[in-house]
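Scroll down for the structure; my scribbles are underneath it.
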Amino acid sequence: ALPEMTANAILDLVGSRRRITKPVSRGTKDSVAYDLFLRGRYQTDRRTESGTQRAVSLFRAAIARDSSFAEGWAGLVRTNAQANYRGYRIPDVPRDRLVALMLEASERALDADSTRSYVWVGRAVALREIEPTSRQAQLAALERAIALDSTNADAWYYSGAAWEDSLEPARAVDAYRHALRLDPTHRNVLGFYALHFMWARQYDSALVWANTGKRIDPAHILIRQALGMTELLLGDTARAAEDFRTEMRVSNGPDEGFSGAGLADVAMRQGDKATASSLIGEAIAATDTLRPSVAAPAARSGP
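Letter 288 of the sequence shown, counting from 1, is numbered 339 in the numbering used here, and no numbers are missing.
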């Protein structure tokens, strides 16, 4: 809303007709609850175990202040879902309770205000967890989120990821581009956009977008992963090792397995089989092999 307000103020100064600026509703009258919500979103988007744990505490504090704060409940959906599919620990929540709590939070968000775009983003995230083999219901919820607020960059981001999972790369690109037009600093979009080009073997484009993300947030693990894997595929083992080590320094919990696997791959390509064997052993030790997460390390062979 700020750019629109600024433009209107300038129009007033030059004597042009001023547009009516639609006020942006926070969804809660409690400014502290809203601040807790924003901080929770930031921590969620860090995509680390510690960040997710902090986000849970922040969202809980937000809805403790205002139990009718729909976005607060939706934020809790996202953090519980992230903990579930990435294998993160929430200290007071058993892992087998995460999905149930996520669904409960989604229902509370809808009950509080089903007209909020972010609430439908949360619903889409919940639907992905309860029906992991299909993206149809998730995409329908995201379409509703976009219909309610077409400027919601998170809704476009999740749409891009859902289309990517559905093997619809052109639609994924359209959604990612739309999200970046709305928020050029969206770290998750930049990371997944880079991965999209890496999967398409368009490595130059992958590096451009991953390096753009790195300038915005040097400590974002998804962006570092995209950089490290792309550099590895290009044979630049020195830079790949640097990015995997950086990821290892900023990540914790199950994410350590991914960076360890990346460094093992680097060592193998450099002909150091002993180091590679040691690193892949450590990566496996950091991974719950009985219930692997989407970030679990996998052996890679060849360029």
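Note that CB positions come from ideal geometry on N, CA and C, so glycine has one too.
This one's a predicted model, so the numbers in the text were calculated from it and none came from an experiment.
Exercise for the section: Please confirm if the stretch 83-91 is in contact with the stretch 111-121, defined as three or more CB-CB distances below 8 Å between the two stretches. Expected result: yes
Problem - Residues bridged to I141 [DSSP beta-bridge criterion] - result: Start at 1 with the first residue of the sequence shown, and residue 141 comes out as number 90. Beta-bridge pairing links I141 to V144.
Exercise for the section: Look at the alpha carbon of G311 and the alpha carbon of P142, and state the distance between them as a whole number of angstroms. Expected result: Here residue 311 corresponds to residue number 260 of the sequence shown, with the count starting at 1. Here residue 142 corresponds to residue number 91 of the sequence shown, with the count starting at 1. Looking at the two C-alpha atoms, the distance is approximately 25 Å.
Exercise for the section: Locate the alpha helix (DSSP H) running through D205, then write down its first and last residues. Expected result: Counted from its first residue, the sequence shown places residue 205 at position 154. Start and end: A204 to D216.
Exercise for the section: Determine the burial state of I114: buried for a count of at least 16 other Cβ atoms within 10 Å of its Cβ, exposed for fewer. Expected result: As a working note, residue 114 is residue 63 in the sequence shown. Burial call: buried.
Exercise for the section: Taking the CB atoms as reference points, tell me whether T236 and I274 lie closer together than 8 Å. Expected result: Start at 1 with the first residue of the sequence shown, and residue 236 comes out as number 185. Start at 1 with the first residue of the sequence shown, and residue 274 comes out as number 223. No; because the gap between Cβ atoms is not below 8 Å, this pair is not in contact.
Practice task
Count the other C-beta atoms from every protein chain shown that fall within 10 angstroms of the C-beta of Q133, then say buried if there are 16 or more, exposed otherwise.
Solution key: Numbered from its first residue, the sequence shown carries residue 133 at position 82. Per the 10 Å Cβ criterion, buried.
Exercise for the section: Put A350 into one of helix, strand or coil per three-state DSSP. Expected result: Position 299 of the sequence shown, counted from the first residue, corresponds to residue 350. Note that A350 scores 38 on pLDDT, short of 50, meaning its location in the model is unreliable and no value can be drawn from it.
Problem - Where the alpha helix (DSSP H) through K324 begins and ends - result: As a first step, residue 324 is located in the sequence shown; it is residue number 273 there, counting from the start. From DSSP, the alpha helix (DSSP H) with K324 extends over K324 to A336.
Practice task
Flag L241 as yes when its Cβ comes closer than 7 Å to any non-hydrogen atom of the ligand NAP, and as no otherwise.
Solution key: This structure lacks the ligand NAP, and indeed carries no ligand of any kind.
Problem - Check whether V107 and T79 have beta carbons under 8 Å apart - result: Taking the first residue of the sequence shown as 1, we reach residue 107 at position 56. Taking the first residue of the sequence shown as 1, we reach residue 79 at position 28. No, they are not a contact pair.
Exercise for the section: Assess, as a yes-or-no matter, whether the stretch 153-160 is touched by the stretch 195-203 under the definition of 3 or more beta carbon pairs within less than 8 Å. Expected result: no
Handout entry: Enclosing alpha helix (DSSP H) for A223 [first to last residue]
Key = For the purposes of this step, residue 223 is taken as residue 172 along the sequence shown, with counting starting at 1. Its alpha helix (DSSP H) spans residues P220 to L233.
Problem - Cα-Cα separation, L314 to V301 - result: Here residue 314 refers to the residue found at position 263 of the sequence shown. Here residue 301 refers to the residue found at position 250 of the sequence shown. The alpha-carbon atoms of L314 and V301 are separated by roughly 15 Å.
Practice task
Rounded to whole angstroms, what's the CA-CA distance from S210 to D234? Just pull it up for me.
Solution key: Position 159 of the sequence shown, counted from the first residue, corresponds to residue 210. Position 183 of the sequence shown, counted from the first residue, corresponds to residue 234. Each residue's Cα considered, the two are about 15 Å apart.
Exercise for the section: Spatial neighbours of Q321 within its chain, please: CB distance less than 8 Å, with the 5 preceding and 5 following residues excluded, ordered by chain position. Expected result: If you number the sequence shown from 1, residue 321 lands on position 270. So the qualifying residues of the chain are T288.
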